[in-house]
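**Student:**
In the working numbering, the protein residues as written are 91 to 305.
1) I'd like the span of the alpha helix (DSSP H) that includes residue 288, first residue to last.
2) Kindly indicate which three-state DSSP category residue 196 falls into: helix, strand or coil?
3) Assign residue 111 to one of two classes, buried (16 or more other C-beta atoms within 10 Å of its C-beta) or exposed (fewer than that).
4) I think residue 214 touches residue 141, with their Cβ atoms under 8 Å apart; what is that distance to the nearest whole Å?
5) Please state if the CB of residue 275 and the CB of residue 302 are separated by a distance shorter than 7 Å.
6) Which full runs of the alpha helix (DSSP H) of 4+ residues lie inside the stretch 130 to 173, going along the chain?
7) Spell out the partners DSSP gives residue 124 in its beta bridges.
8) Please state if the CB of residue 220 and the CB of residue 143 are separated by a distance shorter than 7 Å.
9) For residue 187, which beta-bridge partners are listed by DSSP?
10) Determine the contact status of residue 154 and residue 235, defining contact as a CB-CB distance below 7 Å.
11) Using a Cβ-Cβ cut-off of 7 Å (strictly less than) and excluding sequence neighbours within five positions of residue 182, which residues of its own chain qualify?
12) In three-state DSSP terms, what is residue 300?
13) When the Cα atoms are used, what is the spatial distance from residue 226 to residue 251?
14) Identify whether residue 224 lies in helix, strand or coil by the three-state DSSP scheme.
15) List the endpoints of the continuous beta strand (DSSP E) containing residue 207.
16) Please report the distance separating the alpha-carbon of residue 203 from that of residue 238.
17) Less than 6 Å between C-beta atoms, sequence neighbours within five positions excluded: which residues of the same chain meet that for residue 145?
18) Mind checking which residues open and close the alpha helix (DSSP H) that includes residue 265?
19) When you compare only the Cα positions, how much space is there between residue 198 and residue 159?
20) Do residue 255 and residue 125 have their C-beta atoms closer together than 7 Å?
21) Excluding sequence positions up to five away, which residues of its chain have a Cβ less than 6 Å from the Cβ of residue 176?
22) Considering only the alpha carbon of each residue, which of 217, 201, 196 and 200 lies closest to residue 207?
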């Protein structure tokens, strides 16, 4: 009986699932952890008046693409704003570092990786790209998010013989197909085998109309 009482007492003071003793509840899953880090970084950038747009898989999530987020958050920023963005994050206690690649800087927030990117698949982030961004709620915090055509364009531009994961981009195409300028993306992808192959796959799956089809 005493053992049962001791066990009951231990359970009464033990942290509940998702909590840490002596601390606030932790996010229940990896997706929520990534979203919390995303919101914090976006809040810092917004407060400082820095130009940016959410990119990558978290941007797709913001546009309504179902996802179980497992990777880092991507923010598109202007190269000329690198120092100002770095100082803003560091002032908020977020560690920022420069990797060997010269097209991004990396930060760590709440244990999650944040990439602040100056180029999307070798295409420089421009003021025009950021101006086209749409302000959307990301888990209740509003922030600029790459427009659907720009988001899909960045995914197509990243395809190569060494990186060709059609499966991760297909859900984005399905959900956003009515909001994407496919004719523009076809022109931008002309002569590039991997993006053209993905567009052909979308045609065969009836996600988009065949090239040259009349509407």
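By construction, the Cβ of each residue, glycine as well, lies at the ideal position given by its N, Cα and C atoms.
Bear in mind the structure is a predicted one, so any value in this text is a computation, not a measurement.
**Tutor:** On the basis of the data shown:
1) 283 to 294
2) strand
3) With a pLDDT of 40 at residue 111, under the threshold of 50, the predicted position of this residue should be treated as unreliable, and no value is reported.
4) Residue 214 to residue 141, Cβ: 14 Å. No contact.
5) no
6) 146 to 152
7) Its beta-bridge partners do not exist; DSSP assigns none.
8) yes
9) 196
10) no
11) 134
12) coil
13) 33 Å
14) strand
15) 202 to 207
16) 24 Å
17) 164, 166 and 236
18) 256 to 266
19) 16 Å
20) no
21) 186
22) 196
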